[in-house]
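For reference, the structure is listed below as C-alpha cells.
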Amino acid sequence: MVQQSCVRCLKNTMCFLNFLCWLCGAFVVAFGIFMMMNSRFSSLITSFWPIYPANTLVVTGTIVTCVSYLGFLGALRENRCMLISFFILLFILMLVELAMACIMLVYNREIDTFFEKDLLHSLESYKQSSEMGNETLREDFDAVQSIFRCCGVHGVSDWEGHIPISCCTTDPCLSHPQKSWQEGCHMKLRNWFARNFLSTGAGVVTMFIIQVPLLIP
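Remember, our numbering sits 7 above the position in the sequence shown when you count from 1.
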C-alpha cells in the first residue's frame, strides 16, 4: 500500500512538473512569435540571425513543449520506453539550454563590433537601393529611426545630405528643411538588443532550473 502510494505520488508529481514545463514552453513559443511579428529589426542584424532572440525562443520553446508532452504522456500511461526516451531527451535538452545561456551571456560582450558592422552595411544597402528596391530593409531601417528617434548609424551625417523622412523629428514632417534627429541608431539599437539578449538568456536559465526536478525522481 505504501509503495503504491509512493508510485502514485511520483506519477502525479511527474505529470504536474511536465505540464508546468509544457505551459512554459508554449508561453516561450508564443512570446517568440510575438517578438517576430513586432520586432522589425532582424533584416538589419544579419550576423546574429542564428541566435536572434525571437528565433531562439521559438526553437527552444517548441523543443521543450514536445519533450514535456512526451514526459507527461509517459508518466500518465506509466510507459517505461517513453519515460526512458523522455529522460534522455531532457538531459540533452538541459545541456543545450545551459550552453545556449552561456553563449548568450558571453556573446553579449562582443555585440558592439558586430552591430556596428551590420548597421553600416544596411545603411549602405539602403542608400544604394531604389525606392522600390530592397523594401524590407528600407522599411526596417525607417522603423528603427522612427521608434528610437535616431538617424543613421553614428549620426545624421551618415546620410550625406540624403536624409530619409523617417529621421524627421515631427510627424507629419512639414518643415523645410526637415528637422532630423541628430543621434545615431547604433547605441540605441545595440542597447535594446543587448537587453533582449540578456532576457532571453535569463529565460533559458529559468527553464533549465524548472526542468532540474524532473531528473531527480
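All residues carry an ideal CB built from backbone N, CA and C; glycine is no exception.
Among the options, which has the Cα closest to the Cα of residue i?
i: Trp199; options: Met42, Thr176, Gly81; result: Met42
i: Leu20; options: Glu123, Gly32, Leu83; result: Here the sequence assigns Thr to residue 20, which means Leu is not the residue at that position. When each option's Cα is compared against that of Thr20, the closest is Leu83.
i: Val151; options: Leu30, Lys18, Cys109, Met194; result: Met194
i: Glu123; options: Ser136, Glu146, Ser153, Gly162; result: Gly162
i: Asp147; options: Leu126, Glu167, Cys31; result: Leu126
Note down the Cα distance separating residue i from residue j, rounded to an integer number of angstroms.
i: Arg92; j: Leu80; result: Checking the sequence, you will find Ser at residue 92 rather than Arg. Taking the straight line from one Cα to the other gives about 12 Å.
i: Leu196; j: Phe98; result: 36 Å
i: Gly39; j: Thr213; result: 16 Å
i: His128; j: Ile95; result: 43 Å
i: Arg156; j: Asp149; result: 10 Å
i: Ala106; j: Ile52; result: 22 Å
i: Leu130; j: Glu104; result: 34 Å
i: His183; j: Ile172; result: 11 Å
i: Cys192; j: Asp178; result: 19 Å
i: Asn25; j: Ala201; result: 31 Å
i: Lys102; j: Thr143; result: Just to set this straight, residue 102 is Leu in the shown sequence, not Lys. Their backbone Cα atoms lie some 36 Å apart in a straight line.
i: Val160; j: His169; result: 14 Å
i: Ser136; j: Asn62; result: 27 Å
i: Arg15; j: Cys22; result: 11 Å
i: Leu30; j: Ile216; result: 15 Å
i: Ile154; j: Cys109; result: 30 Å
i: Ser164; j: Leu27; result: 52 Å
Going along the chain, which residues of its own chain have a beta-carbon closer than 7 Å to the beta-carbon of residue i, five neighbours each way excluded?
i: Met89; result: Leu77, Leu80, Gly81
i: Cys175; result: Gln185, Lys186, Ser187
i: Arg87; result: none
Output needed for residue i: all residues of its chain with C-beta closer than 8 Å, excluding positions within five of it in sequence on either side, in chain order.
i: Leu100; result: Ile70, Val71, Val74, Gln218
i: Val36; result: Leu64, Val65, Gly68, Thr69, Thr72
i: Asn141; result: Ser132, Tyr133
i: Glu85; result: Lys18
Within the same chain, show all residues whose beta-carbon is closer than 6 Å to that of residue i, passing over the 5 residues directly before and after it, in chain order.
i: Ala33; result: Thr72
i: Cys180; result: Ile172
i: Glu190; result: Cys157
i: Arg145; result: Tyr133
i: Trp166; result: Gly159
- [ ] Let me know the alpha helix (DSSP H) ranges lying completely inside the stretch 73 to 156, each 4 residues or longer, listed in chain order.
- [x] Unbroken alpha helix (DSSP H) runs of no fewer than 4 residues, entirely contained in the stretch 73 to 156, are found at 87 to 114, 118 to 135, 142 to 155, following chain order.
Where are the beta strand (DSSP E) runs, 3 residues long or more, that stay fully inside the stretch 168 to 209, in chain order? Runs of the beta strand (DSSP E) lying entirely within the stretch 168 to 209 and spanning at least 3 residues: none are present.
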